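Trainee: Provided herewith is a single structure, encoded as structure tokens, for subsequent inquiry.
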Amino acid sequence: MLPATIEWEDGKLRLLDQRLLPRRTEYAVCESAEDTARAIENMTVRGAPAIGVAAAYGLVLALKNEDFAEAAERLAATRPTAVNLFWAIKRMRELWLENRNKDNGELYLIMENEALTIHNEDIEINKSIGRFGASILPDRGAAITHCNAGALATAGYGTALGVFRAAAEAGKRIRIYADETRPRLQGGLLTAYELQQDGFDVTVITDSMAAFLMSRVKIDAVVTGADRVAMNGDAANKIGTYGLAIAAKRHGVSFYIAAPLSTFDAECACGADIPIEERCGDEVRAIGGVCVIPEEIKVWNPAFDVTPNELITGIITERGIIRAPYAENIEKFFRGGNNRNEK
Ligand code: MRU
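Here this note's numbering is used: the first residue of the sequence shown is 69, the next is one more, and so on.
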């Protein structure tokens, strides 16, 4: 069985150390907001919804003996792209502002309860995304996913992998191809492990094989997660997603993003407004700790890319699937006008 990604136990945050999977199952224990910020930075915990949940607990830990406002700023400075992180910090900060004059014990319980709610809500949201998303898949077929948008990237169940889980629960048999996802190999290490644990038929390919795979094997859909969706439907996700969407378009394969509404950013009109994290070049230079390119060579290592809305067949959310025209339909969705399961 898949170990839990995030646990809250006796006032401490336990994070499944994803840097060690699938070889070892170990938990890192965070006792402060600073511990939590480091765990997000060094990718002990990763995936947009999961870092949001971790940050919410980090702000509960901050109440013990850190300055709350500074802790919130520290957590917000860890990773720039996934908007769920900022969403969770804002939600916790607003509650703290409302209640900070209460006595410490009461404030702690209110904040702890909110973090637990964010944690539990995320699992329910993913299940709902899964139910809507399962409708896009045939009874028997094949799909490609990129990076890890599964239980490991969320509080549980997953977004893109939640769609596959819900399809399986509905009796559908979908073979999954997992892009390896250079440079950090979240697909090869995490998605393959997660799907294998749940008994899926999963095959790993390198990222560069996806287009050729689509030319040779009938692929019914590509389903990935997202780290931030702009108001026009442009979506940031793990580097390589954009290329996969182009390949899908070329081969007439549907390309879906599965993401909770907390991944949409009202401040970003389009993809160009989304900040893209650039990580250390050593992630590209080395594989398994061994340098694989000449030393001194320059490396560019953006952690995410942006898929333009015209390549996206639909965005699967917990309230239904949003389709083009995106700017208009996303606006309607947020006004609460659309609550349907569109096929
Ligand atoms: O750098 P990571 O591993 O945090 O990137 C994760 C992704 O890109 C996921 O696809 C995204 O966060 C969605 S997770 C449900």
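Using N, Cα and C, we set each Cβ at its ideal position, and we do this for glycine too.
Computed from a predicted structure; not experimentally measured.
State yes or no: is the C-beta of I342 within less than 7 Å of the C-beta of C348?
Mentor: Not a contact, by the Cβ cut-off of 7 Å.
Trainee: Between which two residues does the alpha helix (DSSP H) carrying Y95 extend?
Mentor: Y95 -> not in any alpha helix (DSSP H); beta strand (DSSP E) instead, spanning 95-98.
Trainee: Going by DSSP, name the residue or residues bridged to R82.
Mentor: R82 pairs with E75, V97.
Trainee: A354: buried (16+ other C-beta within 10 angstroms of its C-beta) or exposed?
Mentor: Answer is exposed; the Cβ neighbour count stays below 16.
Trainee: According to the Cβ coordinates, are A183 and L153 closer than 7 Å?
Mentor: No, Cβ-Cβ distance for A183 and L153 is not below 7 Å.
Trainee: Between R114 and ligand 1, is there a pair consisting of the residue's CB and a ligand heavy atom that are separated by less than 6 Å?
Mentor: The answer is yes for R114.
Trainee: In angstroms with no decimal places, state the Cα-to-Cα distance between K132 and I178.
Mentor: Rounded to whole angstroms, K132 to I178 spans 14 Å at the Cα level.
Trainee: Out of curiosity, what's the CA-to-CA distance linking I307 and A315?
Mentor: C-alpha separation (whole angstroms): 14 Å.
Trainee: In chain order, what residues of the same chain have a beta carbon less than 6 Å from the beta carbon of C338, not counting five sequence neighbours either side?
Mentor: Excluding residues within five positions, the ones whose Cβ falls inside 6 Å are A298, N300, D302.
Trainee: Would you mind giving the Cβ-Cβ distance between V270 and L263, rounded to the nearest angstrom? I have them listed as a contact below 8 Å.
Mentor: Indeed they touch by this definition, with Cβ atoms about 4 Å apart.
Trainee: Inspect the beta-carbon positions of F402 and I390 and report whether they are closer than 7 Å.
Mentor: Going by C-beta atoms, F402 is not nearer than 7 Å to I390.
Trainee: Please say whether A219 and G226 have beta carbons closer to each other than 7 Å?
Mentor: Taking 7 Å as the Cβ cut-off, G226 and A219 qualify as a contacting pair.
Trainee: Quick check: the region 139-158 against the region 112-127, are at least 3 beta-carbon pairs closer than 8 Å?
Mentor: Short answer: they touch.
Trainee: Buried or exposed: M69, going by 16 or more other Cβ atoms within 10 Å of its Cβ?
Mentor: Answer is exposed; the Cβ neighbour count stays below 16.
Trainee: To which residues of the same chain is R91 closer than 7 Å at the C-beta, ignoring the five residues directly before and after it?
Mentor: If we look at R91 and ignore the five residues flanking it on each side, it has no Cβ neighbours.
Trainee: Going by other Cβ atoms of all chains shown within 10 Å of its Cβ, with 16 needed for buried, is G255 buried or exposed?
Mentor: By the neighbour-count rule (16 or more Cβ atoms within 10 Å), G255 is buried.
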